[in-house]
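Taking the working numbering, I'd label the letters of the sequence shown as residues 28 to 200.
Where a beta carbon is used, it is the ideal one built from N, C-alpha and C, also for glycine.
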Amino acid sequence: MGTASKVTSACFRVVEFGTSCIILGVLSKFIYVLNQGKGSADSRLIFAISMAAISVLCSLILVAPVKYTFYFFPLDFALFICWITCFALLEDLSGTHTCSSYWYDHYWSFYWGKAWKLPTGTVVVTDLGCSQWRVVLAFSFIISFCWLINGFLSLYVCTEYYNLGSRTVTIVR
Numbered sequence: 028m029g030t031a032s033k034v035t036s037a038c039f040r041v042v043e044f045g046t047s048c049i050i051l052g053v054l055s056k057f058i059y060v061l062n063q064g065k066g067s068a069d070s071r072l073i074f075a076i077s078m079a080a081i082s083v084l085c086s087l088i089l090v091a092p093v094k095y096t097f098y099f100f101p102l103d104f105a106l107f108i109c110w111i112t113c114f115a116l117l118e119d120l121s122g123t124h125t126c127s128s129y130w131y132d133h134y135w136s137f138y139w140g141k142a143w144k145l146p147t148g149t150v151v152v153t154d155l156g157c158s159q160w161r162v163v164l165a166f167s168f169i170i171s172f173c174w175l176i177n178g179f180l181s182l183y184v185c186t187e188y189y190n191l192g193s194r195t196v197t198i199v200r
């Protein structure tokens, strides 16, 4: 096993940790503001915050570039599938009109901008929280491909250096 594969794997684990912390922080702040406004949490946001917490834990455990971490390539592929699903679910909330969709105006921006504190009948025209919503979308896409690349790297290391790809046949006579 080469040094390059160890360093590359550790770098991707650090990126995975950082992006999942960013997603976890932004969504945690939104859930906090949502609870202040006595709103109900969307199940897709709960899925995203759960995935971020799981990713923080997994990336911390697997960050050390030792032999056993490369054996967890199925976990990398599973987390890729979960994150790309999470991205698709979040993108479906706002669609192609990211910060001008109905969901964004009446849910994310309403609670992020604390519009429930305003007097009744006040018209709010704002893009509060647009950058945070785009951060969640972008980093959920980025982290999914970090898990995919790390999965392929680990699979390559396991088949090339640990002979997981070779089969031994024993003939008994």
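Who are the Cβ neighbours of residue i in its own chain at under 6 Å, not counting the five residues just before and after it?
i           : result
glycine 122 : Ser128
DSSP three-state label for residue i, please.
i           : result
lysine 65   : coil
glycine 156 : coil
glycine 29  : coil
Which one of the options has the shortest CA to CA distance from residue i?
i             : options                      : result
aspartate 103 : Trp174, Ala68, Val42         : Trp174
threonine 112 : Leu89, Ile169, Ser36, Phe179 : Ile169
serine 32     : Val90, Leu61, Leu51, Gly45   : Val90
glutamine 63  : Trp139, Val163, Leu117       : Trp139
leucine 116   : Ala75, Tyr134, Leu51, Ile49  : Ala75
glutamate 181 : Gly52, Ile81, Phe97          : At residue 181 the sequence reads serine, which differs from the glutamate that was named. Nearest option by C-alpha distance: Phe97.
serine 47     : Asp69, Phe166, Thr186        : Phe166
Which residues in the same chain have their Cβ closer than 7 Å to the Cβ of residue i, if we skip the five residues on either side of it in sequence?
i              : result
isoleucine 176 : Phe39
methionine 78  : Cys109, Trp110, Cys113
serine 171     : Phe107, Trp110, Ile111, Phe114
leucine 120    : Arg71, Trp130
alanine 80     : Leu51
leucine 54     : Leu72, Ala75, Ile76, Ala79, Val163
Return the Cβ separation of residue i and residue j in integer angstroms, given the expectation that the two are a contact with Cβ distance under 8 Å.
i                 : j             : result
proline 92        : valine 42     : Not a contact, Cβ separation roughly 14 Å.
phenylalanine 100 : glycine 29    : Going by Cβ atoms, the distance from phenylalanine 100 to glycine 29 rounds to 17 Å, so no, they are not a contact pair.
valine 162        : isoleucine 58 : Rounded, the Cβ-Cβ distance is 15 Å, inconsistent with contact.
Completely contained alpha helix (DSSP H) runs for the stretch 77-143, where each covers 4 or more residues: 94-97, 100-121, 136-139
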